[in-house]
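Engineer:
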Amino acid sequence: MLIFIFSCHVSNLQSKHPSFVKSMLRSHVYSCFWLGLPTKFCESYLPKHQLKLDVVLEDEEGIEYEAVYIPERTDLTGGWRAFALDHKLDDGDAVVFEHTEAARFKVGSPICI
3 MLIFIFSCHV SNLQSKHPSF VKSMLRSHVY SCFWLGLPTK FCESYLPKHQ
53 LKLDVVLEDE EGIEYEAVYI PERTDLTGGW RAFALDHKLD DGDAVVFEHT
103 EAARFKVGSP ICI
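For the sequence shown, this note's numbering puts the final residue at 115, and the numbers step up evenly by one.
Structure (structure tokens):
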């Protein structure tokens, strides 16, 4: 199993930015590439009254992936597919998302546990 986590979180999971851990399902990484984000997190930190929001997913190397957030469904799509494939995400992997700006998340590289 892989856990995707930022290097800054390895020794200390506390962050000044809101974050959450998402366990990957087959539909997140192999077929539909729709990633449902936690509803309570989205209600607290992401806009609700837009049809869609362009967001940036940044990995630990600073590579950016443009994705689309759909507030009505609290789903991430679009560039999520490229991120998942490029980072070889698998069913059962855990991914940490850190919400660093209004439309930006940091999502790190894998470490094995």
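We treat Cβ as the ideally placed atom computed from N, Cα and C, and that holds for glycine. Note that the structure is predicted; figures quoted are calculated from it, not measured.
How many Å lie between Ile65 and Trp36 at the Cα?
Structural biologist: Counting from one through the sequence shown, the residue named residue 65 turns up at place 63. Counting from one through the sequence shown, the residue named residue 36 turns up at place 34. For Ile65 and Trp36, the distance between alpha carbons rounds to 21 Å.
Engineer: How many whole angstroms separate the CB atoms of Trp82 and Ala69, which I take to be in contact at a CB cut-off of 8 Å?
Structural biologist: On the sequence shown, position 80 is the one that residue 82 refers to. On the sequence shown, position 67 is the one that residue 69 refers to. 5 Å between Cβ atoms; contact.
Engineer: May I ask you to report which of helix, strand or coil DSSP gives Ala105?
Structural biologist: Translated into the one-based positions of the sequence shown, residue 105 becomes position 103. Residue state, collapsed to three classes: coil.
Engineer: Let me check understanding here. Comparing Cα to Cα, which of Pro49, Pro20, Pro40 and Phe85 lies closest to Glu63?
Structural biologist: The residue you call residue 63 lines up with position 61 of the sequence shown. Answer by Cα proximity: Phe85.
Engineer: Which of the three DSSP states is assigned to Thr76 in this structure?
Structural biologist: Numbered from 1 along the sequence shown, position 74 holds the residue referred to as residue 76. DSSP places Thr76 in coil when its eight states are reduced to three.
Engineer: In the DSSP assignment, find the unbroken beta strand (DSSP E) run with Glu60 in it and report its ends.
Structural biologist: Residue numbering aside, residue 60 sits at position 58 when the sequence shown is read from its first letter. Looking at the DSSP string, the run of the beta strand (DSSP E) that includes Glu60 is Leu55 to Glu60.
Engineer: Please confirm whether Lys54 and Ile72 have their CB atoms less than 9 Å apart.
Structural biologist: By one-based count along the sequence shown, residue 54 stands at place 52. By one-based count along the sequence shown, residue 72 stands at place 70. Yes, the pair counts as a contact, with Cβ atoms nearer than the cut-off.
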